[in-house]
Ligand code: C2E
Ligand code: CA
Ligand code: CA
Ligand code: CA
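Numbering (our numbering), first residue to last: 19 to 295.
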């Protein structure tokens, strides 16, 4: 053949080889991890800026690997997405979040929980029905759950994804666009998304007060969202001045290391009981 695929050469590259073995191991171990629940949810508070109260948390998954220690989601979520394991993973996360909802209720803590949904989930026609049915079975009110979805979730099969998002929203779940501002969707596409909330990506927030362009972007996003009737969550708040800046501009919700890092259940509860909010 005259044309040789570049990928054919890479088989002989020892560096790639080592990575693919590593990856292969993680793929198989991830199955076990989901089955044997080596996964754990960490919770990061979201401050309601009008009420000055923690009313929401985002659930963020970690993999407590028996020999490798805690593996961050950026390492294994992409593997789960490529190996058809996102369905099992998201179902595990949703069920754990529902159990956590009841544990907090039992302690008199009224908390809404946000769960991250992958583009892979919206390719499965059954996903929205599973979510709605499971919430009912587990006696968790739909109003207690927010689903965070990135803009790219609608790219591959917009019709199916939009149908599922509409059903979820009609059934009372709150939908949020995650990492807002980093995707490629146009305002025309955004207009069609049946969502309640935009979550401004942390890359615009982390250095907000040092960067005038970020201030202009965040200010315009707040105006755009509010004019469209959407609420705004800012993530990546790392200092008090940024929190005040956003409060003055009527951002609805704030999340970031300044308030708290994501914490496992017990530490989160300790943090909450000592927090001024
Ligand atoms: P994300 O959904 O954008 O989550 C926010 C990430 O930003 C979290 O990283 C959080 O720890 C981090 N973060 C929060 N506040 C700050 C801050 O003030 N400064 C900085 N520098 N970072 C902050 P984490 O937990 O490592 O999660 C990374 C990504 O993994 C998430 O990004 C999400 O895309 C994905 N992920 C996590 N859990 C799940 C899950 O259960 N399902 C799915 N599908 N994806 C998940
Ligand atoms: Ca998120
Ligand atoms: Ca985000
Ligand atoms: Ca992100």
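For every residue, glycine included, the Cβ atom is placed at its ideal position computed from N, Cα and C.
Beta-carbon proximity check, residue i vs residue j, cutoff 8 Å
| i | j | result |
| --- | --- | --- |
| residue 137 | residue 174 | yes |
| residue 150 | residue 167 | no |
| residue 56 | residue 81 | yes |
| residue 140 | residue 107 | no |
| residue 135 | residue 171 | yes |
| residue 293 | residue 88 | no |
| residue 236 | residue 223 | yes |
| residue 164 | residue 198 | no |
| residue 211 | residue 183 | yes |
| residue 243 | residue 65 | no |
| residue 263 | residue 278 | no |
| residue 101 | residue 39 | no |
| residue 52 | residue 123 | no |
| residue 193 | residue 216 | no |
| residue 116 | residue 156 | yes |
| residue 127 | residue 48 | no |
Bridge-paired residues (DSSP) for residue i
| i | result |
| --- | --- |
| residue 123 | Per DSSP, none; premise fails for residue 123. |
| residue 80 | 58 |
| residue 196 | 168 |
| residue 130 | 74 |
| residue 64 | 74 |
| residue 271 | 66, 251 |
| residue 220 | Note: residue 220 sits in no beta bridge, so no partner. |
| residue 135 | 167 |
| residue 290 | In DSSP, residue 290 forms no bridge with anything. |
| residue 215 | 194, 249 |
| residue 281 | 61 |
Sequence-distant residues of its chain with Cβ nearer than 7 Å to residue i (five each side left out)
| i | result |
| --- | --- |
| residue 282 | 58, 60 |
| residue 200 | 219, 221 |
| residue 70 | 295 |
| residue 204 | none |
| residue 261 | 255, 272, 276 |
| residue 114 | 59 |
| residue 190 | 160, 161 |
| residue 257 | 276 |
| residue 280 | 60, 61, 62, 78 |
| residue 111 | 59, 77, 79, 133 |
| residue 269 | 67, 240, 250, 252 |
Cβ-based neighbour list, residue i, same chain, cut-off 6 Å, excluding 5 preceding and 5 following
| i | result |
| --- | --- |
| residue 91 | 79 |
| residue 76 | 62, 132 |
| residue 185 | 146 |
| residue 68 | none |
| residue 188 | none |
| residue 214 | 192, 193 |
| residue 202 | none |
| residue 31 | Bear in mind that a pLDDT of 49 at residue 31, under 50, signals an unreliable position, so the number given afterwards is only what the model happens to contain. Contacts found: none. |
Own chain, CB closer than 8 Å to residue i, minus 5 neighbours either side, in chain order
| i | result |
| --- | --- |
| residue 225 | 232 |
| residue 20 | Bear in mind that the predicted position of residue 20 carries a pLDDT of just 44, short of 50, making it unreliable; the figure below should be weighed with that in mind. Closer than 8 Å at Cβ, skipping near neighbours: no residue. |
| residue 162 | 119, 129, 130, 131 |
| residue 259 | 227 |
| residue 50 | 56 |
| residue 148 | 109 |
| residue 26 | Residue placement at residue 26 is flagged as unreliable, the pLDDT there being 48, under the threshold of 50; a coordinate-derived value is accordingly withheld. |
| residue 99 | 136, 137, 138 |
| residue 83 | 47, 51, 56, 89 |
- Pocket of ligand 2 (residues with CB nearer than 5 Å to any heavy atom), chain order: Those residues, listed in chain order, are 134, 166, 196.
- What are the complete alpha helix (DSSP H) segments, minimum 4 residues, inside the region 79-111? Listed in chain order, they are 91-100.
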